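Trainee: This is the structure I want to talk about, given as structure tokens.
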Amino acid sequence: MAAKTEPLYLHVARRVAAWAEGGDGIGLVVGATAPEELAAVRSAAPGTPFLVPGLGRQAGDIAAVREHAPAGAGAAFGLPGGVALVNVSRAIAESALGDVVDPGEAIRSAARSWAEELRV
Numbered sequence: 205m206a207a208k209t210e211p212l213y214l215h216v217a218r219r220v221a222a223w224a225e226g227g228d229g230i231g232l233v234v235g236a237t238a239p240e241e242l243a244a245v246r247s248a249a250p251g252t253p254f255l256v257p258g259l260g261r262q263a264g265d266i267a268a269v270r271e272h273a274p275a276g277a278g279a280a281f282g283l284p285g286g287v288a289l290v291n292v293s294r295a296i297a298e299s300a301l302g303d304v305v306d307p308g309e310a311i312r313s314a315a316r317s318w319a320e321e322l323r324v
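Numbering (this note's numbering), first residue to last: 205 to 324.
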């Protein structure tokens, strides 16, 4: 009978979490397009910073991001969990394309909208 093992990404997450405890500025990149894995990685690395791509054009799960990798979490914000940097740069930049009167305002508006959407 083969031994049941955890997925490699969870093993890596646990190792990174241990290294992150030393305050060495290490974190994990965890995509918003895989909500179950995002939850599992947050569970394995509860205080570890995350870079979260995959929202916007890639149609990641915003509810999962808000729950497991909220922008504005972490000790600096008085909330549990590791801080998360959520990347939606393509969606914000693309708001200035097409028949737009003021590209700068379109970008500002898109950035504000995403910030509100991601706020905890």
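Idealized CB from N, CA, C, for every residue including glycine. Since the model is a prediction, treat every value here as computed from it, not as a measurement.
Within a Cβ cutoff of 8 Å, which residues of the same chain sit near Leu-214, ignoring the five residues on either side of it in sequence?
Mentor: These residues qualify, in order along the chain: Ala-244, Val-245, Ala-248.
Trainee: Can you check which of these residues, Gly-235, Ala-295, Asp-265, is closest to Phe-254 by C-alpha distance?
Mentor: Taking only the C-alpha atoms, the option nearest Phe-254 is Gly-235.
Trainee: Leaving out the 5 sequence neighbours to the left and right, which residues in its chain are closer than 6 Å to Ala-300 when beta-carbon positions are compared?
Mentor: For Ala-300, where only same-chain residues beyond five positions count, the Cβ hits under 6 Å are Pro-307, Ala-310, Ile-311.
Trainee: Measure the CB-CB distance between Thr-252 and Gly-231 and report whether it falls below 7 Å.
Mentor: Yes. Within cutoff.
Trainee: Where Leu-322 and Lys-208 are concerned, what is the direct C-alpha to C-alpha distance, given to the nearest angstrom?
Mentor: C-alpha separation (whole angstroms): 36 Å.
Trainee: With distances taken between CB atoms, is the gap from Ala-295 to Gly-258 smaller than 7 Å?
Mentor: In this structure, Gly-258 does not lie closer than 7 Å to Ala-295 by Cβ.
Trainee: Among Glu-210, Glu-240, Leu-212, Asn-291, whose alpha-carbon lies nearest the alpha-carbon of His-272?
Mentor: Among Glu-210, Glu-240, Leu-212, Asn-291, the Cα nearest to that of His-272 is on Glu-240.
Trainee: Identify every run of the beta strand (DSSP E) within the stretch 238–304, keeping only runs that are complete inside it and at least 3 residues long; order them along the chain.
Mentor: If we require 3 residues or more, the beta strand (DSSP E) runs fully inside the stretch 238–304 come out as 254–256, 288–290.
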